[in-house]
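Heads up, the thing below is written out as structure tokens.
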DNA sequence: CCAAAAGTGTTTCCGATACACCCATGA
DNA sequence: TCATGGGTGTATCGGAAACACTTTTGG
């Protein structure tokens, strides 16, 4: 057996957020060929200094968008010949959701091409990133029902209505208020603070926090 | 930005079967260092001639064990530094199940070290393959309830009791006969042939076939 | 007629869904 | 007192689980 062949390895992140009641995906406008001018998922090559794939995707995300300290769930690897015109690249896709107000895009030179784009208006993406995005969105809809990943999307304190809205935007359908509250309560992941949020001319809403902000599957 | 670094990429397969009523995993006894003499999952490096990761894992599996024409589901990628003492290797793990009687192990020089090993008696494996095996088994238990992957495990014709036994061995717990039959019938994936299987001194069992042997999620 | 596995329905339970009214606030 | 969103409970439905007896065969 000869020396094993070597290949480029990369990570890509599908990072979702809810902004103004719509589901957004964090994309980078490419400055160089291939696919110059098109949108792509943030990501990049695995470096020797990355101790793990997880570290790689976090580093790339930070460098390209300023997003830091975020939970990323691995989704799938893509390694078909021809998926990158420059040569073979095996990429590992990750999923994340964040609260967009925790992030200031365009604050560095490198991240100046990062944008929140409406998922519903995303057209063709660079490479096979349209496929990755579609699969990530599908996975997100499962994850949100099945894990505590929604933690990432909300601020430290939030009302149950805000939480429900996040679910509705991600799932793309309305939920029943009473059933949603019963469901979320039975998971026992929240506690009610003694504070309320007053906004507008109506009864103030109780503010909640997560008991444990770590990712956990139900 | 400099040239992207290159890395070894590999695939590994966790191939399960049920033999004599016990759950088995297909392992290779390593002939060379590192981990010489230890068991490992079958797998190997991605070659330039492999047009996809899927093709790579199928090729490796065929070369090392003679197993051919099998459905493999991608599970997860592992890329931590140090998981292979020879240098960094990013590996992509796959899951499969097969009917062990469709395969003749040890029929070639290269595959002479392949063995079916009781999952319950597997000790330490080479590399991080113990982790991969554990995660694969977990995934298998979900897959079997959620997809038609059990197709791979059974012969062309089989009785419902044989099918149920496969589920029981994989899940590691007994199932209720009537509930199992109701459940499997409601998925509408089988048809009853007009033949029966006579074996022993008791009522013959009807033989069934799959309507469609392709992998499908429920 | 006996042993052994095949085959078959009904009841119960629990989680998911549907659904409508009162409450607290500021203007 | 009104407009606005916050907050709450019950009845129904449907799928999952529990559960036991009859049938067919060869010896």
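Chains as they are written, first to last, in the working numbering: chain A, 68 to 285; chain B, 68 to 285.
All C-beta atoms, glycine included, are put in the ideal place defined by N, C-alpha and C.
Source: prediction; values computed, not measured.
Buried or exposed (CB count within 10 angstroms, at least 16 for buried), residue i
i, result
"residue 239 of chain B", "exposed"
"residue 284 of chain B", "exposed"
"residue 215 of chain A", "buried"
"residue 153 of chain B", "exposed"
"residue 109 of chain B", "buried"
"residue 259 of chain A", "exposed"
"residue 158 of chain B", "buried"
"residue 74 of chain A", "buried"
"residue 127 of chain B", "buried"
"residue 196 of chain A", "buried"
"residue 266 of chain B", "exposed"
"residue 269 of chain B", "exposed"
"residue 155 of chain B", "buried"
"residue 209 of chain A", "exposed"
"residue 143 of chain B", "buried"
"residue 88 of chain B", "exposed"
"residue 117 of chain B", "buried"
"residue 151 of chain B", "buried"
"residue 219 of chain A", "buried"
For residue i, the residue or residues it bridges with in DSSP
i, result
"residue 209 of chain B", "Note: residue 209 of chain B sits in no beta bridge, so no partner."
"residue 143 of chain A", "A/160"
"residue 182 of chain A", "A/94"
"residue 76 of chain A", "A/157"
"residue 110 of chain A", "A/79"
"residue 225 of chain B", "B/275"
"residue 284 of chain B", "B/214"
Contact with chain B by residue i, beta-carbon distance below 8 Å
i, result
"residue 102 of chain A", "no"
"residue 120 of chain A", "yes"
"residue 241 of chain A", "no"
"residue 146 of chain A", "yes"
"residue 170 of chain A", "no"
"residue 124 of chain A", "no"
"residue 71 of chain A", "yes"
"residue 254 of chain A", "no"
"residue 76 of chain A", "yes"
Cα-Cα separation between residue i and residue j, rounded to whole angstroms
i, j, result
"residue 146 of chain B", "residue 120 of chain A", "5 Å"
"residue 249 of chain B", "residue 190 of chain A", "45 Å"
"residue 272 of chain A", "residue 123 of chain A", "40 Å"
"residue 228 of chain B", "residue 101 of chain A", "56 Å"
"residue 206 of chain B", "residue 160 of chain B", "12 Å"
"residue 71 of chain A", "residue 86 of chain A", "46 Å"
"residue 262 of chain A", "residue 274 of chain A", "6 Å"
"residue 92 of chain B", "residue 172 of chain A", "48 Å"
"residue 125 of chain A", "residue 226 of chain B", "50 Å"
"residue 234 of chain A", "residue 264 of chain B", "51 Å"
"residue 279 of chain A", "residue 138 of chain A", "14 Å"
"residue 163 of chain A", "residue 78 of chain B", "25 Å"
"residue 112 of chain A", "residue 141 of chain B", "21 Å"
DSSP-derived helix/strand/coil call for residue i
i, result
"residue 265 of chain B", "coil"
"residue 138 of chain B", "coil"
"residue 91 of chain B", "strand"
"residue 172 of chain A", "coil"
"residue 153 of chain A", "coil"
"residue 70 of chain A", "coil"
"residue 277 of chain A", "strand"
"residue 84 of chain A", "strand"
"residue 194 of chain B", "coil"
"residue 188 of chain A", "helix"
"residue 124 of chain B", "helix"
"residue 270 of chain B", "coil"
"residue 214 of chain A", "strand"
"residue 258 of chain A", "strand"
"residue 230 of chain A", "helix"
"residue 240 of chain A", "coil"
"residue 251 of chain A", "helix"
"residue 119 of chain B", "coil"
"residue 246 of chain A", "helix"
"residue 129 of chain A", "helix"
is_contact[residue i, chain A] using C-beta, thresh 8 Å
i, result
"residue 114 of chain B", "yes"
"residue 196 of chain B", "no"
"residue 159 of chain B", "yes"
"residue 141 of chain B", "yes"
"residue 209 of chain B", "no"
"residue 269 of chain B", "no"
"residue 109 of chain B", "no"
"residue 278 of chain B", "no"
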